[in-house]
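1 is the number of the first residue of the sequence shown in full-length UniProt numbering; add one for each residue after it. One structure below.
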Amino acid sequence: MRYSALSVFLNGLRGNKAWKPAWRSPSPKSHYDVVIVGGGGHGLATAYYLAKEFGIANVAVLEKGWLGSGNIGRNTTIIRSNYLLTGNNPFYEFSMKLWEGLEQDFNFNAMVSQRGVLNLYHSDAQRDTYMRRGNAMRMHGVDAELLDREAVRKMLPFLDYGNARFPIQGGLLQRRGGTVRHDAVAWGYARGADSRGVDIIQNCEVTGIRRENGRVTGVETSQGFIGCGKIALAAAGNSTVVADMAGLRLPIESHVLQAFVSEGLKPFIDNVVTFGAGHFYVSQSDKGGLVFGGDIDGYNSYAQRGNLATVEHVAEAGVAMIPSLSRVRVLRSWGGVMDMSMDGSPIIDRTHIDNLYLNAGWCYGGFKATPASGFCFAHLIAREEPHDTARAFRLDRFARGFLLDEKAVGAQPNLH
Ligand SMILES: Cc1cc2nc3c(=O)[nH]c(=O)nc-3n(C[C@H](O)[C@H](O)[C@H](O)COP(=O)(O)OP(=O)(O)OC[C@H]3O[C@@H](n4cnc5c(N)ncnc54)[C@H](O)[C@@H]3O)c2cc1C
1 MRYSALSVFL
11 NGLRGNKAWK
21 PAWRSPSPKS
31 HYDVVIVGGG
41 GHGLATAYYL
51 AKEFGIANVA
61 VLEKGWLGSG
71 NIGRNTTIIR
81 SNYLLTGNNP
91 FYEFSMKLWE
101 GLEQDFNFNA
111 MVSQRGVLNL
121 YHSDAQRDTY
131 MRRGNAMRMH
141 GVDAELLDRE
151 AVRKMLPFLD
161 YGNARFPIQG
171 GLLQRRGGTV
181 RHDAVAWGYA
191 RGADSRGVDI
201 IQNCEVTGIR
211 RENGRVTGVE
221 TSQGFIGCGK
231 IALAAAGNST
241 VVADMAGLRL
251 PIESHVLQAF
261 VSEGLKPFID
271 NVVTFGAGHF
281 YVSQSDKGGL
291 VFGGDIDGYN
301 SYAQRGNLAT
311 VEHVAEAGVA
321 MIPSLSRVRV
331 LRSWGGVMDM
341 SMDGSPIIDR
351 THIDNLYLNA
361 GWCYGGFKAT
371 PASGFCFAHL
381 IAREEPHDTA
391 RAFRLDRFAR
401 GFLLDEKAVG
411 AQPNLH
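What follows is the structure, encoded as structure tokens:
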């Protein structure tokens, strides 16, 4: 069923009784061409593009929980392509272009909102690094504007300009950045993949990876053995656990990242704004809640919950940026498990085991990458050749010394 204004109208006339479930709940077949481990954004997008762009639809997505239970349904919904490095920038811009056409492409309302992402700067040195990043973006054809203090004041008059510990000097703005409703992305890709024949199997945990003669042959799951030609790992925060099933040790650590939502307020933040003198980012949802977050908790964990010390740390940065935030009540907070790589950049590559493919290391920036990640991973699986924009995301780059350290903080996963 195609969603449209007409179908909403006609279904309304019929008492909304004719809507079909957006995807099926099939039992697993005994064999698939491709099994994708992880029904998060990246796994579902991979399945969608495998079926749609590369004609491979005999695919199963195995999800141990329910769709959207992982980071795809836990992130702060920010999308942007404001990267400095040549290995990163074209990939994230490719993703931005896919976001721009996504709702028409998969016929689902994902509330893509290009409301602008503004990174504040607070010193001359920071202005210079932002100017450099903005110039690199523009050289790649990506939009970037360096704003001075008065231009920022016009956009965000409620920030602390007069008496701040870290006075705001200006900001780097990417107008095409913004937010997307995260769980609708999972649902849209799931529906699009399912309608092309992909089996999405929820409550199906992969517990083992079977290998014969150096190649993978299938997965052990909580619903029995499933044979396959290729296995694609897209397990985000659980990547190390799943890869371990094939004897693969990854250059990745798992860390907790928390997010927060406040009570509903009248609209006052039109954009996504990030603090430059600490780690804090905020936007306002259509319901009026402030959606915000900050640093990861700083210790390794597979738990989807964080600690109170980080709540205080995030609130401190938030109030330093918007003093009036101190009077706002927080309604909810939650955590997600981040697959933090050693250089802060992702991995989309084959592994040394035949027919085992890896998509991981998204740190806390993988939501914005969802469309390009799915497209490039599908390209690699189908054509055995990396997509042009994802050539730098090699697994062996750590051994070869070709790191993609966007933040230049070194091999410190907790700092990326
Ligand atoms: C609080 C928070 C805020 C964030 N904010 C942003 C942001 O604003 N912008 C941005 O770009 N990124 C953000 N991110 C990062 C982004 O959400 C992730 O990088 C991205 O969602 C990871 O890819 P995914 O969607 O495939 O992950 P997930 O949704 O976690 O998918 C992985 C799936 O694998 C499943 N799985 C794991 N093990 C198994 C197994 N053995 N068998 C079967 N299934 C298994 C899990 O249940 C899970 O559903 C944020 C993350 C968090 C937690």
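For every residue, glycine included, the Cβ atom is placed at its ideal position computed from N, Cα and C.
Distance, Cα to Cα, residue 332 vs residue 365?
If you number the sequence shown from 1, residue 332 lands on position 332. If you number the sequence shown from 1, residue 365 lands on position 365. Distance between the alpha carbons of residue 332 and residue 365 is about 21 Å.
What do you get for residue 1, buried or exposed, if any count of 16 or more other CB atoms within 10 angstroms of its CB means buried?
Indexing the sequence shown from 1 puts residue 1 at position 1. By the neighbour-count rule (16 or more Cβ atoms within 10 Å), residue 1 is not buried but exposed.
Could you tell me the boundaries of the alpha helix (DSSP H) in which residue 319 lies?
Residue mapping note: residue 319 aligns to position 319 of the sequence shown, counting from 1. Run containing residue 319: 308-321, per the alpha helix (DSSP H) assignment.
Does the distance from the C-beta atom of residue 326 to that of residue 319 stay below 8 Å?
Your numbering for residue 326 matches position 326 in the sequence shown. Your numbering for residue 319 matches position 319 in the sequence shown. A contact, by the Cβ cut-off of 8 Å.
Between which two residues does the alpha helix (DSSP H) holding residue 376 run?
Counting from 1 along the sequence shown, the entry for residue 376 is found at position 376. It spans 370-383 - the alpha helix (DSSP H) in which residue 376 sits, taken as one unbroken run.
Taking the C-alpha atoms as reference points, what is the distance between residue 122 and residue 169?
Indexing the sequence shown from 1 puts residue 122 at position 122. Indexing the sequence shown from 1 puts residue 169 at position 169. Rounded to the nearest angstrom, the gap between the Cα atoms of residue 122 and residue 169 is 5 Å.
Straight-line CA distance for residue 208 to residue 373?
The residue given as residue 208 occupies position 208 in the sequence shown. The residue given as residue 373 occupies position 373 in the sequence shown. Rounded to whole angstroms, residue 208 to residue 373 spans 24 Å at the Cα level.
Reference residue 63, options 295, 132, 199, closest by Cα:
Residue mapping note: residue 63 aligns to position 63 of the sequence shown, counting from 1. For residue 63, the nearest C-alpha among the options comes from 199.
Applying the criterion that 16 or more other CB atoms from any shown protein chain within 10 Å of the CB defines a buried residue, is residue 4 buried or exposed?
By one-based count along the sequence shown, residue 4 stands at place 4. Counting Cβ neighbours within 10 Å, residue 4 comes out exposed, since fewer than 16 surround it.
Using only alpha-carbon positions, find the residue among 349, 7, 98, 93 that is nearest to residue 232.
Walking along the sequence shown from the start, residue 232 turns up at place 232. Checked all of 349, 7, 98, 93; the closest Cα to residue 232 is 349.
The stretch 31-39 contacting the stretch 204-223, beta-carbon criterion three pairs below 8 Å
Touching, per the Cβ criterion.
Based on Cα-Cα distance, which residue from 405, 102, 282 lies nearest to residue 110?
In the sequence shown, the residue the question calls residue 110 occupies position 110. Measuring from the Cα of residue 110, the nearest candidate turns out to be 102.
Pick out whichever of 396, 82, 73 has its Cα sitting closest to the Cα of residue 131.
Here residue 131 corresponds to residue number 131 of the sequence shown, with the count starting at 1. The candidate whose alpha carbon is nearest that of residue 131 is 82.
Kindly indicate which residue of 291, 27, 311, 317 has the alpha-carbon position closest to the one of residue 265.
As a first step, residue 265 is located in the sequence shown; it is residue number 265 there, counting from the start. Checking every option, the nearest Cα to that of residue 265 belongs to 291.
Please give me, in chain order, every unbroken run of the alpha helix (DSSP H) with length at least 4 that falls completely inside the stretch 140-228.
149-155, 182-195
Taking the alpha carbon of residue 496 as the reference point, which residue from 161, 255, 375 has its own alpha carbon closest?
In the structure as shown, the chain begins at 1 and stops at 416. Residue 496 is therefore absent and cannot be evaluated.
Whose CA, out of 69, 392, 414, lies closest to the CA of residue 44?
Mapped onto the sequence shown, residue 44 falls at position 44. The residue with the shortest Cα to Cα distance from residue 44 is 69.
Check the C-beta distance from residue 58 over to residue 32 and give it rounded, since I have them as a contact under 8 Å.
Position 58 of the sequence shown, counted from the first residue, corresponds to residue 58. Position 32 of the sequence shown, counted from the first residue, corresponds to residue 32. Indeed, because the Cβ distance is near 5 Å, the residues count as touching under 8 Å.
At least three beta-carbon pairs within less than 8 Å, the stretch 146-165 to the stretch 247-262
No contact exists between the stretch 146-165 and the stretch 247-262.
Between which residues of its own chain and residue 47 is the CB-CB distance below 6 Å, once the five residues before and five after are set aside?
Taking the first residue of the sequence shown as position 1, residue 47 is located at position 47. Answer for residue 47: 36, 59, 61, 193, 198, listed in chain order.
Rounded to whole angstroms, what is the Cα-Cα separation between residue 252 and residue 361?
In the sequence shown, counting from the first residue as 1, residue 252 sits at position 252. In the sequence shown, counting from the first residue as 1, residue 361 sits at position 361. About 6 Å.
Quick one: Cα of residue 390 to Cα of residue 162, how far?
Position 390 of the sequence shown holds residue 390. Position 162 of the sequence shown holds residue 162. Take the alpha-carbon of residue 390 and the one of residue 162: they are about 44 Å apart.
Under 8 Å between the Cβ atoms of residue 295 and residue 279?
Within the sequence shown, the letter at position 295 stands for residue 295. Within the sequence shown, the letter at position 279 stands for residue 279. In this structure, the beta-carbon distance from residue 295 to residue 279 falls below 8 Å.
Relative to the C-alpha of residue 187, which residue among 397, 370, 386 is closest?
On the sequence shown, position 187 is the one that residue 187 refers to. Looking at the Cα atoms, 370 is the closest of the given residues.
Under a three-way DSSP split, which group does residue 292 fall into?
Sequence index remark: in the sequence shown, residue 292 carries index 292 (1-based). The answer is strand: DSSP assigns residue 292 an E or B state.
Comparing the CB of residue 169 with every heavy atom of ligand 1, is any distance shorter than 7 Å?
Position 169 of the sequence shown, counting from 1, holds the residue named residue 169. Outside the cutoff, so no.
What residues are listed by DSSP as bridge partners for residue 338?
Mapped onto the sequence shown, residue 338 falls at position 338. In the DSSP output, where bridge partners are listed per residue, residue 338 has 255.
Report yes if the C-beta distance between residue 367 and residue 41 is below 8 Å; otherwise report no.
Mapped onto the sequence shown, residue 367 falls at position 367. Mapped onto the sequence shown, residue 41 falls at position 41. Yes, the pair counts as a contact, with Cβ atoms nearer than the cut-off.
Going by DSSP, what residue range makes up the alpha helix (DSSP H) through residue 240?
Along the sequence shown, read from residue 1 onward, the residue named residue 240 stands at position 240. 239-244 is the span of the alpha helix (DSSP H), which, as asked, contains residue 240.
Taking a contact to mean a Cβ-Cβ separation below 8 Å, would you say residue 84 touches residue 173 in this structure?
Mapped onto the sequence shown, residue 84 falls at position 84. Mapped onto the sequence shown, residue 173 falls at position 173. Against a cut-off of 8 Å, the Cβ pair of residue 173 and residue 84 comes out as no contact.
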